[in-house]
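See structure below.
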Amino acid sequence: MTTSVVAAALSVLAVLDGTFAGFRSSLGRTGLLDHRRSDVRASVRGGVLVVALLALPVAAASIDAIVRPRRLHLYRSAGDAMLLVYGPYAALVLLALLVYATLGWRQKYLASAVILGPFTLLRPVIAVAGGLVAAFAGEDVLVAIIGCLAVGAVLAVEPIADRVWPADRAVTA
Amino acid sequence: MAVVDGGRVEITDLLWPVDAGGRRLPVPQRTAVASLLANGQRRAGRIVSAMPAADGVLDSAYVDALGLRVHRELQRLGEELQFGRRAAALLKPLADRLRTGPGPIRVVDVGCGLGYVPRWLASTSALGPDVHIVGVDRNPVLIAEATRLSRAEGLACRFVHGDAFAPDVAVEDGARTIVISSGLLHHLPAAELAGFFAAQDRLGVAAFAHWDIAPCFWSTLGAWVFHRARMREAVSRHDGVLSARRAHPAETLLAAAERGAPRYRVRVDEGSRWHPRAIDVLRPIVGERRP
Numbered sequence: 000m001t002t003s004v005v006a007a008a009l010s011v012l013a014v015l016d017g018t019f020a021g022f023r024s025s026l027g028r029t030g031l032l033d034h035r036r037s038d039v040r041a042s043v044r045g046g047v048l049v050v051a052l053l054a055l056p057v058a059a060a061s062i063d064a065i066v067r068p069r070r071l072h073l074y075r076s077a078g079d080a081m082l083l084v085y086g087p088y089a090a091l092v093l094l095a096l097l098v099y100a101t102l103g104w105r106q107k108y109l110a111s112a113v114i115l116g117p118f119t120l121l122r123p124v125i126a127v128a129g130g131l132v133a134a135f136a137g138e139d140v141l142v143a144i145i146g147c148l149a150v151g152a153v154l155a156v157e158p159i160a161d162r163v164w165p166a167d168r169a170v171t172a
Numbered sequence: 000m001a002v003v004d005g006g007r008v009e010i011t012d013l014l015w016p017v018d019a020g021g022r023r024l025p026v027p028q029r030t031a032v033a034s035l036l037a038n039g040q041r042r043a044g045r046i047v048s049a050m051p052a053a054d055g056v057l058d059s060a061y062v063d064a065l066g067l068r069v070h071r072e073l074q075r076l077g078e079e080l081q082f083g084r085r086a087a088a089l090l091k092p093l094a095d096r097l098r099t100g101p102g103p104i105r106v107v108d109v110g111c112g113l114g115y116v117p118r119w120l121a122s123t124s125a126l127g128p129d130v131h132i133v134g135v136d137r138n139p140v141l142i143a144e145a146t147r148l149s150r151a152e153g154l155a156c157r158f159v160h161g162d163a164f165a166p167d168v169a170v171e172d173g174a175r176t177i178v179i180s181s182g183l184l185h186h187l188p189a190a191e192l193a194g195f196f197a198a199q200d201r202l203g204v205a206a207f208a209h210w211d212i213a214p215c216f217w218s219t220l221g222a223w224v225f226h227r228a229r230m231r232e233a234v235s236r237h238d239g240v241l242s243a244r245r246a247h248p249a250e251t252l253l254a255a256a257e258r259g260a261p262r263y264r265v266r267v268d269e270g271s272r273w274h275p276r277a278i279d280v281l282r283p284i285v286g287e288r289r290p
């Protein structure tokens with residue numbers, strides 16, 4: 000994989016994660032049976048929020064790589080390591096979502112009980128593990144700091160969404 | 000509903016006490032905290048201690064808003080656990096058998112909370128035509144919200160505050176009524192279960208189906224995972240795990256149903272205690288009146 004493919008893959012995963020974080024933040028807010036509109040709105044907000052929060056680490060990495068091109072391979076190594084951790088996790092979650100979206104209620108339940116619920120709980124651990132692996136693979140303090148900032152940004156989406164768009168306001172929305 | 004086996008109580012069981020006439024009683028904060036601490040529930044005690052109070056009594060407006068948030072989260076979990084579809088899959092054949100008789104069929108959801116299952120059944124018409132769906136709860140705040148939601152959604156179901164088994168509250172023609180509940184049974188002490196089933200026997204309902212958690216290692220683990228992963232409110236997280244821990248085993252439910260409702264064929268569909276089928280972690284006790 001080229002550096003740009005690694006960067007693109009990580010960006011897609013980050014935006015997907017932000018979207019799902021926004022989606023989770025909107026659930027259980029209104030009591031309505033049909034909450035698709037508020038879910039879609041919250042998902043978009045989550046995606047936009049993660050892009051905004053990632054702007055700083057992405058800008059820092061981009062500037063560093065442009066100013067000192069010889070350091071590009073450090074980011075590439077860190078990115079590869081992150082993908083190694085996040086890729087299988089994301090693949091399983093996406094597979095479970097496919098099952099949830101397409102199959103019968105028993106399979107939906109199992110996808111949720113076996114994958115989606117437990118993996119939501121594991122998500123912060125996986126995110127931090129990816130950051131740590133990237134920090135070791137990058138073998139550079141600045142790369143490690145930027146990696147940590149990126150992980151922090153991704154993990155901050157749901158708590159921020161919960162605070163900015165809290166329950167009672169969502170109910171009347 | 001009050002206290003249960005093992006002495007441990009869910010926080011929500013303490014927040015809406017009512018008198019014999021169904022009127023709401025104030026909740027002294029110190030008493031509530033002391034009862035939790037006496038059971039060794041220190042975390043629950045801290046949660047209740049942090050709730051706003053005036054003159055030592057928990058702020059009822061705060062408690063009501065909290066209750067709605069908790070039940071909305073609970074509904075979200077119900078959606079994920081496919082409660083509506085579970086109910087429809089079991090109730091449709093029961094309703095179809097009743098359909099051969101005269102007049103409409105009634106499905107009464109006892110302890111319906113925000114009425115997720117009744118509203119889902121009404122919105123999907125999953126049970127077919129001529130089925131009246133009624134939700135009943137002793138909590139007037141939840142019933143008011145269930146009513147508001149069903150009106151906003153334009154649904155043909157209704158919600159009633161009171162005792163579901165009292166005369167003329169929800170059951171009119173027992174022979175054409177199916178009584179259901181979801182997540183209610185673990186709120187009842189084992190000693191009250193036979194009385195719960197006996198009330199349905201007295202009304203002569205055609206059938207009952209009460210879903211609850213199958214108590215086992217996996218359901219407790221699952222409850223912990225899901226409440227950590229999905230619930231925002233500390234009360235939800237505390238009560239959700241405790242629900243799984245204090246749920247009644249199938250033998251207890253069957254014994255109580257056979258004692259309280261001897262005119263019914265009863266069954267609980269679940270696998271082994273240690274290796275349950277994942278789908279049966281939430282399973283119903285089903286009773287059908289013998290001909």
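Which chain is which? The protein sequence lines are A and B, in order. Quick note: the first sequence uses numbering that gives the first Met the number 0, first residue 0, plus one each step. Quick note: the second sequence uses numbering that gives the first Met the number 0, first residue 0, plus one each step. We treat Cβ as the ideally placed atom computed from N, Cα and C, and that holds for glycine. On a predicted model such as this, the values are computed, not experimentally measured, just so you know.
C-beta neighbour in chain B for residue i, strict 7 Å
i: ALA112 of chain A; result: yes
i: PRO117 of chain A; result: yes
i: GLY30 of chain A; result: yes
i: LEU26 of chain A; result: yes
i: TRP104 of chain A; result: yes
i: ALA169 of chain A; result: Legend: pLDDT at ALA169 of chain A = 43, less than 50; position of this residue unreliable, value from coordinates given subsequently. ALA169 of chain A does not count as touching chain B.
i: TYR88 of chain A; result: no
i: TYR108 of chain A; result: yes
i: LEU53 of chain A; result: no
i: LEU48 of chain A; result: no
Closer than 7 Å to chain A by CB, residue i
i: PHE225 of chain B; result: yes
i: VAL113 of chain B; result: What sits at residue 113 of chain B in the sequence shown is Leu, not Val. Judged by the 7 Å Cβ criterion, LEU113 of chain B is in contact with chain A.
i: GLU9 of chain B; result: no
i: ARG75 of chain B; result: yes
i: GLN199 of chain B; result: no
i: GLU269 of chain B; result: no
i: ILE278 of chain B; result: yes
i: ALA37 of chain B; result: no
i: GLN40 of chain B; result: no
i: GLY28 of chain B; result: Sequence check: residue 28 of chain B is Gln here, not Gly. Chain A, which has no Cβ nearer than 7 Å to the Cβ of GLN28 of chain B, makes this no.
i: ARG262 of chain B; result: no
Option in the options with minimal Cα separation from residue i
i: VAL98 of chain A; options: A:LEU83, A:VAL84, A:ILE114; result: A:ILE114
i: HIS72 of chain A; options: A:ALA160, A:LEU154, A:PRO158, A:GLY137; result: A:GLY137
i: LEU281 of chain B; options: B:PRO214, B:ALA256, B:GLU232; result: B:PRO214
i: ASN38 of chain B; options: B:PRO51, B:ARG7, B:ARG22; result: B:ARG7
i: GLN106 of chain A; options: B:GLY112, B:ARG96, B:ALA125, B:GLU79; result: B:GLU79
i: VAL170 of chain B; options: B:THR146, B:VAL133, B:HIS185; result: B:VAL133
i: ALA152 of chain A; options: A:ARG75, A:ALA54, A:VAL43, A:ILE125; result: A:ALA54
i: ASP63 of chain A; options: A:LEU141, A:ILE159, A:ASP161, A:VAL163; result: A:LEU141
i: GLU191 of chain B; options: B:PRO16, B:ALA260, B:LEU220, B:PRO166; result: B:ALA260
i: ALA80 of chain A; options: A:ARG162, A:ALA6, A:TRP164, A:ASP161; result: A:ALA6
i: ARG70 of chain A; options: A:LEU154, A:ALA143, A:PRO158, A:ARG162; result: A:ALA143
Within 7 Å, strictly: CB atoms of residue i and residue j
i: ALA174 of chain B; j: ALA143 of chain B; result: no
i: SER48 of chain B; j: VAL32 of chain B; result: yes
i: ALA13 of chain A; j: VAL49 of chain A; result: yes
i: ASP250 of chain B; j: ARG264 of chain B; result: The sequence shown places Glu at residue 250 of chain B, rather than the Asp named in the question. Their beta carbons are not under 7 Å apart, which means GLU250 of chain B does not touch ARG264 of chain B by this criterion.
i: ALA193 of chain B; j: ARG289 of chain B; result: no
i: HIS209 of chain B; j: ILE284 of chain B; result: yes
i: SER37 of chain A; j: SER25 of chain A; result: yes
i: ALA301 of chain B; j: VAL240 of chain B; result: Because chain B in this structure spans residues 0 to 290, residue 301 of chain B falls outside the shown range and cannot be described.
i: ALA128 of chain A; j: VAL84 of chain A; result: yes
i: LEU32 of chain A; j: SER122 of chain B; result: yes
Cβ-Cβ separation, residue j to residue i (assumed contact under 8 Å), whole Å
i: GLY27 of chain A; j: ALA77 of chain A; result: Contact doesn't hold; Cβ gap of about 36 Å is too wide.
i: GLY130 of chain A; j: VAL156 of chain A; result: That belief does not hold up - the Cβ atoms of GLY130 of chain A and VAL156 of chain A are roughly 15 Å apart, past 8 Å.
i: ALA60 of chain A; j: TYR74 of chain A; result: 6 Å
i: LEU112 of chain B; j: LEU141 of chain B; result: Just to set this straight, residue 112 of chain B is Gly in the shown sequence, not Leu. GLY112 of chain B to LEU141 of chain B, Cβ: 5 Å. Contact.
i: ALA95 of chain A; j: ALA110 of chain A; result: 4 Å
Within chain E, the residues that residue i reaches when beta carbons sit closer than 9 Å
i: LEU120 of chain B; result: Of the chains in the structure shown, none is chain E; the protein chains are A and B.
### Query
In chain order, which alpha helix (DSSP H) runs of at least 4 residues are fully inside the region 31-85 of chain B?
Positions of the alpha helix (DSSP H) runs, each at least 4 residues long and wholly inside the region 31-85 of chain B, are given as 41-48, 59-79 in order along the chain.
### Query
Going along the chain, which unbroken runs of the beta strand (DSSP E) with 3 or more residues stay wholly within the region 141-210 of chain B?
156-160, 176-181
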